[in-house]
Ligand code: TRP
């Protein structure tokens, strides 16, 4: 298996990112069959599809790299890098632009959402964003791509691009690209805002009380949990009793995810408890989970050289893996590369 996935360096990782994706990446490293490889990268090239601040992009990239390592992505076992240091991603995107169809891109819901009413003013990069994402996985011959629900459509597109390219420019016996399968880890928890159980926990929520940041200290974590919005009812002992109580469901979901349990099991244990008792218990578990992560994160952030070295080493390995596929794509398309091929 070759597992490839990316995350945008948005700065400030929070509990939603951790329980939704990053923890599963870290676990995947342990669970793969021998001979498998994981490549995890910061999708910094994707960041310029929206208005951005260069200084902020740089610090967010470094910060996110530190956060991933702190969360357990082991740069000795996985290949951790940022796209901008692996030019094969951008190069392959250009080649794939010849295969991707405007009609396919027009159907991408993320473009519609992000461009909003001002489609004419959106960057061309926002429109071709999914082609870069296809290049990200195809250039590494990914067999499996862990993605959340919102990215399934982009992965489908990557498969369509790969299939058309193989069909148009290669043979069935010798395809240039592997068609990647999406994987949605079964325990990818959907973590909601602590202030509004109907909204996803998000770094762009104006209220910092809505999220637990991986950099929050224990006092902040406790305070946020205790102030989390809830209702006056005690916890039910069965899931049905959480119907129409999104904030209560969210806290139970977080507890279940942190203790590797299930909502049903947590309710079986804590049913009948009021939030006056449940919140401190949840706070305790959260603090214990985050303590080693934020300690490692804070240490690493102060060691710029260590982060640079990790990314440089990851990028070197990623380039090595990407080059043969990129060359095969150039060659299939009929480009003269001056090295005697074709
Ligand atoms: N677009 C993804 C997101 O916003 C990030 C991403 C970029 C990605 N390239 C990828 C995810 C390749 C998986 C595979 O979450």
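Numbering (this note's numbering), first residue to last: 7 to 348. Just so it is clear, CB atoms sit at the ideal spot from N, CA and C, and this is done for glycine as well.
By the DSSP assignment, the alpha helix (DSSP H) with residue 269 in it spans what residues?
269-276
Please specify which runs of the alpha helix (DSSP H), each continuous and at least 4 residues long, are wholly inside the region 129-178, giving them in chain order.
130-144 and 158-175
Compute the Euclidean distance between the alpha carbons of residue 169 and residue 19, then round it to the nearest angstrom.
35 Å
Just to confirm the assignment, what range does the alpha helix (DSSP H) spanning residue 227 have?
224-233
Would you mind sorting residue 112 into buried or exposed? The rule is 16 or more other CB atoms within 10 Å of its CB.
exposed
Alpha carbon of residue 322 to alpha carbon of residue 94, nearest angstrom:
12 Å
Taking the straight line between their C-alpha atoms, what separation do you get for residue 182 and residue 334?
6 Å
Under three-state DSSP, which class holds residue 184?
coil
Closest to residue 62 by CA distance: which of 230, 326 and 14 is it?
14
Where residue 250 sits in the DSSP three-state scheme:
coil
Reducing DSSP to helix, strand and coil, say where residue 8 ends up.
strand
Classify residue 341: buried if its beta carbon has 16 or more other beta carbons within 10 angstroms, exposed otherwise.
exposed
Compute the beta-carbon to beta-carbon distance between residue 4 and residue 263, rounded to the nearest angstrom, for a pair I have assumed lies under 8 Å.
In the structure as shown, the chain begins at 7 and stops at 348. Residue 4 is therefore absent and cannot be evaluated.
Can you find at least 3 beta carbon pairs, one from the region 127-140 and one from the region 98-107, that sit closer than 8 Å?
yes
CA-CA distance, residue 265 and residue 209?
24 Å
If residue 188 and residue 148 are in contact, beta carbons under 8 Å, what's the gap, nearest whole angstrom?
Residue 188 to residue 148, Cβ: 10 Å. No contact.
Report the option in 261, 269, 110 and 122 whose CA atom is closest to the CA atom of residue 246.
269
Using a threshold of 7 Å, is the CB atom of residue 272 nearer than that to any non-hydrogen atom of the ligand TRP?
no
Confirm the yes/no value for this check: CB of residue 151, any heavy atom of the ligand TRP, distance under 7 Å.
yes
Could you spell out the range, first to last residue, of the beta strand (DSSP E) harbouring residue 279?
Run containing residue 279: none; DSSP gives neither H nor E here.
Thinking residue 243 and residue 282 are a contact (beta carbons under 8 Å), I'd like their distance in whole angstroms, please.
Not confirmed; about 17 Å, so no contact.
Closest by C-alpha distance to residue 43, when choosing among 32, 180 and 339:
32
Between the CA atoms of residue 240 and residue 84 - distance to the nearest angstrom:
44 Å
Quick check on residue 206: does DSSP put it in helix, strand or coil?
strand
Just mark residue 233 as buried or exposed, buried being the case when its beta carbon has 16 or more other beta carbons within 10 Å.
exposed
With a Cβ-Cβ cutoff of 8 Å, do residue 207 and residue 217 count as a contact?
yes
Give me the Cβ distance between residue 252 and residue 204, rounded to the nearest whole Å; I'm assuming they're in contact under 8 Å.
5 Å
Does residue 124 come out as helix, strand or coil in the three-state DSSP assignment?
coil
Straight-line Cα distance separating residue 92 from residue 313:
16 Å
Would residue 96 and residue 51 qualify as a contact pair, given that the criterion is a beta-carbon distance under 8 Å?
yes
CB contact flag (residue 59, residue 110, <8 Å)
no
Can you check the region 31-84 for any alpha helix (DSSP H) of at least 4 residues that lies completely inside it and give the ranges in chain order?
60-76
Under the DSSP definition of a beta bridge, which residues are partnered with residue 20?
219
Taking the alpha-carbon positions, what's the residue 142 to residue 289 distance?
38 Å
Is it the case that the CB of residue 58 approaches a heavy atom of the ligand TRP more closely than 7 Å?
no
To the nearest whole angstrom, what separates the beta carbons of residue 317 and residue 53, a pair I think is in contact under 8 Å?
At roughly 15 Å, the Cβ-Cβ gap does not stay under 8 Å, so residue 317 and residue 53 are not in contact.
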